[in-house]
Amino acid sequence: MTASEPGIAPCRAVAALAGILAAAVPIAALAQAGDAAALTDRGLALAQGGQPQEAAKLWRQALEASPDYFPALFNLGYMHFSAGQFEQAAPVLARATASNPDDFNAHYLRGVVAQKLGRGDEALQAWRNALELRPDHFKLMQIMAVEYGKGRYHREAAEVAARALRLQPGIEDLHYMTIHALREAGNLSDGLGLASQAAKRFPDSARANFELAWHLQKDGRFDEALPLLRRAMELDPGYEEPHFFYGDWLVKQARYADALAPLQRAIELRSDYMPARIALARAHIGLKDWEAALDALDAAVELEPRHPQPHLLLSQVHFRLRDRAKAREEKELSLKLRRQNPAFLEAVQSRPFPD
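With numbering that gives the first Met the number 0, the residue at position 76 of the sequence shown is 75, and numbering never jumps.
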């Protein structure tokens with residue numbers, strides 16, 4: 000999900016100087032504010048007439064007259080955003096949110112610009128401020144759940160996804176977004192509970208059946224998981240994950256011959272499925288079919304040369320084939336690649352969002 004613009008009106012006019020007590024403001028300041036309002040309104044008319052550059056000049060003049068005048072700040076920031084000028088938009092929108100902290104659109108747009116600039120934490124903080132102003136903004140919750148996940152803030156991702164799910168419990172994909180966030184946060188207990196709910200609500204969904212099977216297996220209840228896996232494969236033969244999961248379980252049970260078909264099917268469905276390719280190689284190794292194992296591992300290396308696991312398995316195969324030099328070479332390469340690319344083998348750790 001991308002950060003589209005929920006409910007932001009382009010270059011919208013904002014009531015000038017709302018809530019300011021005339022008696023408390025010097026005459027010169029009132030004159031400046033009046034100039035800013037007039038310039039901003041003229042700029043808005045130009046922008047709506049297709050003259051954004053001329054509009055921007057007037058908004059800058061308005062800000063010279065009144066540096067904290069929110070309508071000019073927002074409109075100028077929005078214009079830079081619309082033109083893809085995110086570096087220019089960011090400081091203007093920061094001033095806009097400081098000028099009017101109660102404006103949802105300013106905080107939201109500031110977050111979008113920060114996201115475009117690759118500043119995920121800044122985007123999330125802006126969106127947190129926006130969500131405080133509109134606590135039931137469903138689309139923003141979805142956007143934030145995705146961005147939290149990118150930053151490995153999985154607990155926060157799970158919380159905001161669950162919040163969105165409470166608002167719209169009939170959306171199937173939102174169940175899976177929340178389940179995934181709970182899994183990444185290490186909260187498998189709540190994940191199992193939600194997966195059970197999803198399977199009851201969407202009994203004919205391959206994904207719902209698979210998610211429940213996955214959690215049941217993690218809970219040590221594979222006898223309950225197996226029928227759900229088979230059901231998922233029947234419901235959607237083109238869904239690769241149940242085929243891989245089933246085949247991988249068969250490998251772990253030393254049922255190597257039985258594992259070949261589901262693993263090959265998973266790879267047919269998704270050619271870049273590295274875990275399935277590694278599991279398939281393990282099945283061939285278990286069967287002592289060295290040539291097939293070499294073929295599977297060579298395909299895995301071609302798919303991702305930086306991954307250390309195929310090279311480690313190649314080392315084992317060459318050792319079995321009594322090619323000790325090749326086995327040592329592959330093992331050393333595997334260790335080198337593991338140092339260079341630890342993310343391939345190490346689970347990414349969740350972290351809390353900084354306050």
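Quick reminder that beta carbons are idealized off the backbone N, C-alpha and C, glycines included.
Taking 8 Å as the cut-off, decide whether the C-beta atoms of residue i and residue j are in contact.
{"i": "Pro307", "j": "Phe343", "result": "yes"}
{"i": "Leu215", "j": "Glu223", "result": "yes"}
{"i": "Glu183", "j": "Phe209", "result": "no"}
{"i": "Arg337", "j": "Arg151", "result": "no"}
{"i": "Ile284", "j": "Ala292", "result": "yes"}
{"i": "Glu331", "j": "Leu313", "result": "no"}
{"i": "Ala95", "j": "Ala105", "result": "yes"}
{"i": "Leu139", "j": "Leu130", "result": "yes"}
{"i": "Leu268", "j": "Tyr245", "result": "no"}
{"i": "Tyr238", "j": "Ala212", "result": "no"}
Rounded to the nearest angstrom, what separates residue i and residue j at their Cα positions?
{"i": "Ala198", "j": "Leu311", "result": "38 Å"}
{"i": "Ala265", "j": "Arg118", "result": "36 Å"}
{"i": "Pro66", "j": "Gln141", "result": "35 Å"}
{"i": "Pro261", "j": "Ala275", "result": "9 Å"}
{"i": "Lys251", "j": "Leu123", "result": "41 Å"}
{"i": "His79", "j": "Ala161", "result": "34 Å"}
{"i": "Arg154", "j": "Gly169", "result": "23 Å"}
{"i": "Leu181", "j": "His174", "result": "11 Å"}
{"i": "Lys56", "j": "Trp126", "result": "29 Å"}
{"i": "Ala17", "j": "Ser195", "result": "At Ala17 the pLDDT is 26, less than 50, meaning the model places this residue with poor confidence; the figure from the coordinates comes in the next sentence. The alpha-carbon atoms of Ala17 and Ser195 are separated by roughly 51 Å."}
{"i": "Phe73", "j": "Asp189", "result": "42 Å"}
{"i": "Leu191", "j": "Asp288", "result": "38 Å"}
{"i": "Asp101", "j": "Pro70", "result": "13 Å"}
{"i": "Asn92", "j": "Gly42", "result": "Checking the sequence, you will find Leu at residue 92 rather than Asn. Each residue's Cα considered, the two are about 17 Å apart."}
{"i": "Ala231", "j": "Glu146", "result": "29 Å"}
{"i": "Gln50", "j": "Ala82", "result": "13 Å"}
{"i": "Asp40", "j": "Phe352", "result": "40 Å"}
{"i": "Lys320", "j": "Ala258", "result": "The displayed chain sequence assigns Leu, not Lys, to residue 320. Those two C-alpha atoms are separated by around 23 Å."}
{"i": "Pro341", "j": "Ala326", "result": "21 Å"}
{"i": "Ala324", "j": "His317", "result": "9 Å"}
{"i": "Val159", "j": "Gln114", "result": "18 Å"}
{"i": "Phe201", "j": "Ala54", "result": "52 Å"}
{"i": "Leu334", "j": "Pro309", "result": "11 Å"}
{"i": "Ala23", "j": "Leu38", "result": "The predicted model places Ala23 with a pLDDT of 28, which falls under 50 and marks its position as unreliable, so this point remains unresolved."}
{"i": "Asp203", "j": "Phe243", "result": "20 Å"}
{"i": "Leu302", "j": "Val112", "result": "35 Å"}
{"i": "Leu286", "j": "Ala253", "result": "9 Å"}
{"i": "Ala64", "j": "Asp120", "result": "33 Å"}
{"i": "Pro226", "j": "Tyr272", "result": "24 Å"}
Among the options, which residue has its Cα nearest to the Cα of residue i?
{"i": "Arg165", "options": "Pro134, Ser188, Leu191", "result": "Pro134"}
{"i": "Ala157", "options": "Ile178, Arg321, Glu171", "result": "Ile178"}
{"i": "Lys217", "options": "Ser204, Gly237, Asn186", "result": "Asn186"}
{"i": "Met176", "options": "Ser204, Asp203, Pro90, Ala144", "result": "Ala144"}
{"i": "His136", "options": "Ala113, Gly110, Ala163", "result": "Ala163"}
{"i": "Arg281", "options": "Gln263, Leu268, Glu131", "result": "Gln263"}
{"i": "Ser98", "options": "Gln87, Gly76, Gln114", "result": "Gly76"}
{"i": "Leu132", "options": "Glu121, Phe103, Glu63", "result": "Phe103"}
{"i": "Gln87", "options": "Ala64, Asp297, Arg59, Glu63", "result": "Arg59"}
{"i": "Glu290", "options": "Met273, Tyr272, Gln315", "result": "Gln315"}
Report buried or exposed for residue i, applying the criterion of at least 16 other Cβ atoms within 10 angstroms of its Cβ.
{"i": "Asp247", "result": "buried"}
{"i": "Ala61", "result": "buried"}
{"i": "Gly148", "result": "buried"}
{"i": "Ala299", "result": "buried"}
{"i": "Glu171", "result": "exposed"}
{"i": "Arg220", "result": "exposed"}
{"i": "Ser357", "result": "Residue numbering for the chain in the displayed model covers 0 to 354; residue 357 lies beyond these limits and cannot be assessed."}
{"i": "Gln167", "result": "exposed"}
{"i": "Arg109", "result": "buried"}
{"i": "Ala256", "result": "exposed"}
{"i": "Gly48", "result": "exposed"}
{"i": "Ala35", "result": "buried"}
{"i": "Pro25", "result": "Low confidence applies to Pro25: its pLDDT is 37, below 50, so where it sits in the model is not reliable enough to give any reading."}
At a threshold of 7 Å, does residue i count as lining the ligand GDP (C-beta to nearest heavy atom)?
{"i": "Val300", "result": "What this structure holds is no ligand at all, so the ligand GDP is not there to describe."}
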